[in-house]
Every structure is written in C-alpha cells, then in structure tokens.
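Comments concern the structure below.
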Amino acid sequence: MTTLYQEHLVVLQQRYQDAMAHFDLNAIVLATGGKCYYFQDDHTVPFHAYSGAQQWLPFTLGADTFVVLQAGQKPTLVWPIREDFWHAANPVPSGDWQKDWHIVPAKKDDQWFNSLPTNTAWLGPEPMPFAIPCDGLKAYVDFSKAVKTPFEIEAMRRASLRGATGHVAAEAAFLAGKSELEIHLAFLQASQQSAIQEPYPGIVGLNEHAAVLHYEHKATDHIPNARTLLIDAGANEHGYASDITRTFTRYEDDFRALVGDLDKIEKTLCQNAVTGVAFRDLHQQTLIGIAELLHEHKICALSVEEQLAKRIPQVFFPHGLGHLLGLQVHDVGGHQIDQVGTLRKPDEDAPFLRLTRTLEENMVITIEPGLYFIPMLIEKMQANIPQHGCDMTRIQHFMPYGGIRIEDNVVVKNTQPENLTRDAFEKRH
Ligand code: GLY
Ligand code: MN
Ligand code: MN
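Position 17, counted from 1, in the sequence shown is what this note's numbering calls 3; the numbers after and before it change by one each time, with no gaps.
Take a look at the structure:
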C-alpha cells in the first residue's frame, strides 16, 4: 500500500526530473545549510533547514545535510555523522521512509560529492564548489511549491491542531489575568514546543499592543482586567507551519461586537478562497468589508465608495489579506505567475500584498483581515485626508483596545475550501 509520503515523493521526483530535463542537468543537490554563529560568539542562530531540502523528508532536518537527485534513481540523503561528545548523537531516523532512499553517512571532510556527475546544479544557502549555479532553477521549482500534496496538507492539519491547542490555553491565561510572557508560555506548553521551534516568533499583545502588527516583546507586567489579547502564533510539523491569529476580549461591549463582525467577514473570505479566484480580488473584497464595518460601527460616516476613494479602509487595515503558507510561513513564489519566474507585483493600492497569484486547488493560504487603531496612521489620516468622515471621539474610545486580527489557514478547493484552523479549533472543544 502506498503511503501519503510515498505519493509525495513521486510528485517531487516528477517536478525535479522535469527541471533537470528543462535545464539539461544530470543532478541537483539541495543543501539544508550550515550553522550560523552570532558575531564573535560560539552560540549559533536557531537553525532552519532550507525549505527546498526539507520538503523531501518526513522529519526535521539539521545542518550540513544534502539531498541528491539524479534522473531515474532513488534520491540520496547525505547525512552528517558527528563524532563529538559535546552534542547529542545524530543517528539517521529509522522508519519506512528509508525504503525509498539511498542513505550516505558522511563525516565532515568526506569527499562524497566526488562521485557526482558533470552538470550538477545546487540549490541552498551557500554556493557548493562542486556544483554549478543554474539561473532559473530556483524559480522553476519554487513555482510548484504553492500547490501542496496530500502529505503536506496532512502535516499542516497537525500543525493547526497544535496551534489551536495553544490558542485555547492562551485565551484561558488571558482571562486569568496573566502577563504577555505568561500567556506566551501557556501557548508554548499547550502546543508542545519551545520558543525557538515556533515557525515564527509568536506575537502576544495585550490592549494597545494589539495595534502593533509585529509586536515582538513579551511584557512581564500584569495588567488588571486587560481588555484585549491579540495572539498570532503557530506550530510546525516537520517544518510545515500553521499561522493563526485570534483576538480575544474580556468584556461584552462594542469592541467585542466589532470583533464579531470582522469574524463574519473573515469566514466569508475563507469560503471564497476557491480555484480561479485572483487573490487580489479577495483583498479588494476585504477593503469593501472593512469600509462597511467602519460605517456600521459609526467609526466613519462616509459611504463605502467615498471611503474607498479616500483610502480610509487602508488606515485601519494597512497590510495584505494573506500569503502562501508551507515550509516557510511566508511561502515562496507568491508573486510568481509562471515557472520561468515572471513576477506580478502588487497594485499600488496594496503594496504589501504577498500573494498576487490566481488560486489553484490545494494551494494553502492564510486569510487574515485586521482592523487596528494605530495612532501613527490615524494622525496621518487627520493630517492628509480632508473630510475623512471619521468620528475621532469614537476612535479615541477604541484606541485602548489596540486592534483586531483574525487569521485562518485555508486549503483552496474547487468549490468548498478546507479551513484547517476552524476545523482544528472545533476538534479542540
Ligand atoms: N505571523 C505572520 C503573518 O501572519 O504573516
Ligand atoms: Mn500570516
Ligand atoms: Mn500570523
């Protein structure tokens, strides 16, 4: 019986064989990369394997590991053997996956690459002296990474479940009056990971900190009865990420009503993530939804059309709707519209949009609308947009709540997208 992993390998082998034929190559070497030391220090930066190599194996890869591909042959895994008593031993993981691989244990100065054929190209963080660079190869393989195999989607289901488990614990810690640091620790414990294993540094902001898009501190002070918790944090499964944001509130008030209405918009956007839709159009739908929300909640008196003309929604929603998700949280190829590497840049109206492609079945994307009360942007609006129609008293009222973001991870389908995040939360309750 074939497993999801074996089917995944067949797909990858086909993609790379096509690439070898296209560029007239005899082999491709994918390197995870070497360890990187802090300046004048003997400690290393947390290691993340190059995603092109990680994609081939069902466990997390470390440094100095290579995947070697040759047409018509099983892939080869060159595995670093360490002879040192400072670190844990590094045995090759056991498992059925080995049946489909040649495994070459290599010591630091092994010359395993001497057996590579001519015309071997490399992809990885550093040049490999034994291989040739190949213009266009990276774009060629990156393009296809957007569409995930069933094996990859299953990994992301698991990453979503762990992430959602962490969010449930974070909400409880928030309601119990914990600090940002304590909430983050509760998230990590429940999602069973240390901070350096997170797919990206978790964002945990109380009150006004919820208005800082990439708030990176974890304050230790206890804020009695904090109003808002915005937590943007995920987990990973052999490198595949979940990227989840929730905004939790303490009080039954008009801010909670705003969160509820943004949640409805977000769910509709997730439903609309189907094959053939241009992601830029979904972003535009979001701007319209934000304008309606600002009007209904009496934040801006202008009509939707007037708001769009004056770019009022962008004051409150200054980032893109989402991005491709995979081994990299902001996965590669979001602006690429073909294998040759042609780019479609975002419109001037949405310069931060990381995804300009038309959606295809089994792409995995994030949908993450937000609505923030960011003092800098509100001051700029007051200075630069005449007759902005916004009620400054109402805005001052909302500022102490910070802002809202709701982010789900969605598998694009032809008719009914799969919402990995909502499904994971449902399993948690
Ligand atoms: N967590 C980063 C992002 O949502 O894109
Ligand atoms: Mn995201
Ligand atoms: Mn996020």
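Built from N, CA and C at the ideal position, the CB exists for glycine as well.
DSSP, read as helix, strand or coil, puts Thr379 in helix.
The beta carbon of Asp377 lies closer than 8 Å to those of Lys284, Ile285, Cys286, Ala287 in the same chain, with the five residues before and after it left out. Within the segment 135 to 166, the complete alpha helix (DSSP H) segments at least 4 residues long are 136 to 161, listed from N- to C-terminus.
In the DSSP annotation of this structure, the continuous segment of the beta strand (DSSP E) that includes Tyr358 starts and ends at 356 to 358. Inside the segment 88 to 131, DSSP marks whole beta strand (DSSP E) runs of 3 or more residues at positions 88 to 92, 106 to 109, from first to last along the chain.
Taking the Cβ of Val315 as the reference point, at least one heavy atom of ligand 1 falls within a distance shorter than 7 Å. Counted as a single uninterrupted DSSP element, the alpha helix (DSSP H) harbouring Ile364 occupies residues 361 to 370. Looking at the DSSP output, Pro66 sits in a beta bridge with Ala92.
Just measuring C-alpha positions, the residue of His29, Arg242, Gly306 sitting nearest Leu273 is Gly306.
Judged by DSSP in its simplified three-state form, Ile285 adopts coil rather than helix or strand. A direct Cα-Cα distance of roughly 12 Å separates Asp207 from Gly191. Cβ atoms of Glu184 and Ala212 stay farther apart than 8 Å, at about 22 Å.
For Ile251, the enclosing alpha helix (DSSP H) covers residues 240 to 257. Per DSSP, the beta-bridge partners of Leu310 are Ile351.
Residue range 52 to 56 is occupied by the beta strand (DSSP E) that includes Gln56.
At the C-beta level, Ile67 and Ala92 come within 8 Å of one another. The C-alpha of Ile351 is placed about 30 Å away from the C-alpha of Ala7.
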